[in-house]
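Novice:
Residue numbers (the working numbering): 4 to 230.
1. Where does residue 76 sit, in a helix, a strand or coil, going by DSSP?
2. Identify, in the order they occur along the chain, each residue of the same chain with its Cβ nearer than 8 Å to the Cβ of residue 122, setting aside the five sequence neighbours on each side.
3. For residue 131, which three-state DSSP category applies?
4. Go to residue 10, then tell me how far its alpha helix (DSSP H) extends in each direction, as first and last residue.
5. Suppose contacts are defined by Cβ-Cβ distances below 8 Å. Is residue 62 in contact with residue 156 by that definition?
6. Secondary structure at residue 206, three-state DSSP: helix, strand or coil?
7. Nearest to residue 13 by CA position, among 34, 47 and 21, is which residue?
8. Closer than 8 Å is the cut-off here; do at least three beta carbon pairs connect the region 102–114 with the region 28–36?
9. Under a three-way DSSP split, which group does residue 110 fall into?
10. Can you round the beta-carbon distance between residue 36 and residue 57 to whole angstroms, since I take them to be within the 8 Å contact cut?
11. Mind checking residue 145: buried by the 16 CB within 10 Å criterion, or exposed?
12. Would residue 102 be called buried (16 or more neighbouring beta carbons within 10 Å of its own) or exposed?
13. Determine the DSSP secondary structure at residue 138, reduced to helix, strand or coil.
14. With residue 194 and residue 82 assumed to form a contact (beta carbons below 8 Å), what rounded beta-carbon distance in angstroms separates them?
15. So, with DSSP's three-state summary, where would you put residue 211?
16. Could you check what DSSP says for residue 147 in three-state terms: helix, strand or coil?
17. Do residue 204 and residue 162 have their C-beta atoms within less than 8 Å of each other?
18. Quick check: residue 54 and residue 9, are their CB atoms within less than 8 Å of each other?
19. Of the choices 167, 182, 49 and 42, whose alpha-carbon is the least far from that of residue 6?
20. Within the same chain, show all residues whose beta-carbon is closer than 8 Å to that of residue 124, passing over the 5 residues directly before and after it, in chain order.
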């Protein structure tokens with residue numbers, strides 16, 4: 004179902020990765036190689052958007068891309084928060100500078116400055132990365148994209164319900180109050196609920212006989228906890 008040019012781009016990306024994976028292990032060559040892989044992934048995304056029929060096959064590509072973005076954005080926030088949200092004396096002078104690094108790691112710094120129009124601070128960064136509906140890597144935006152794509156597919160009741168639970172939990176959260184362990188726990192809950200979306204998609208369209216009851220139960224408990 005992939006256009007020929009996209010298939011060629013995908014194969015060239017794999018061949019490049021296979022040929023350079025060992026060169027990326029030392030720190031010296033890592034940045035250049037990973038940057039090239041990122042650029043090739045972005046080219047593939049643009050090629051698919053511009054040359055592939057936007058049918059159900061493309062809907063699944065959009066779902067996968069945005070689910071991965073949601074997962075990685077929350078992971079980066081969680082990793083950074085372990086060090087940056089604390090009040091340790093040695094961190095405080097550099098905290099805002101380090102949050103700039105978090106934005107840059109998600110290619111979000113310029114768009115943050117364009118849309119927030121304030122100096123970088125933890126609360127505004129969290130609000131932007133969690134709640135922005137116009138920045139592509141923000142959690143709220145990725146969930147809306149997944150919601151829209153799944154809405155175009157048949158038999159979508161279970162996946163739509165899973166997405167609604169995550170969106171509800173996100174809407175109830177106040178970034179200004181998410182500090183330290185509370186932020187970590189919230190991110191953990193979000194990631195389990197994202198797993199719940201994946202599980203619902205797999206159960207509905209790819210492997211109807213499978214269902215992780217424990218994960219579904221945990222997700223229902225999280226939804227209940229957030230109202």
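Just so it is clear, CB atoms sit at the ideal spot from N, CA and C, and this is done for glycine as well.
If you're wondering where the values come from, they're calculated on a predicted model, not measured in any experiment.
Specialist: For this structure:
1. Note: residue 76 maps to helix in three-state DSSP.
2. Within the same chain, residue 122 has close Cβ partners 99.
3. The three-state reading of DSSP puts residue 131 in helix, counting H, G and I together.
4. 7–23 is the span of the alpha helix (DSSP H), which, as asked, contains residue 10.
5. Note that the C-beta distance between residue 62 and residue 156 is below 8 Å.
6. The three-state reading of DSSP puts residue 206 in helix, counting H, G and I together.
7. It is 47 whose Cα lies nearest to the Cα of residue 13.
8. They do not touch, by the three-pair rule.
9. In the three-state DSSP reduction, residue 110 falls in the coil class, being neither helix nor strand.
10. About 32 Å separates the two Cβ atoms, so there is no contact after all.
11. Buried, by the Cβ-count rule.
12. So residue 102 ends up on the buried side.
13. Looking at residue 138 - three-state DSSP - the assignment turns out to be coil, as it is neither helix nor strand.
14. Not a contact, Cβ separation roughly 12 Å.
15. DSSP places residue 211 outside both helix and strand once states are collapsed to three, so it counts as coil.
16. Helix, per DSSP.
17. Less than 8 Å divides the Cβ of residue 204 from the Cβ of residue 162.
18. Closer than 8 Å, so yes.
19. For the residues 167, 182, 49 and 42, the minimum Cα distance to residue 6 belongs to 49.
20. Once the five neighbours on either side are set aside, the close Cβ partners of residue 124 are 99 and 102.
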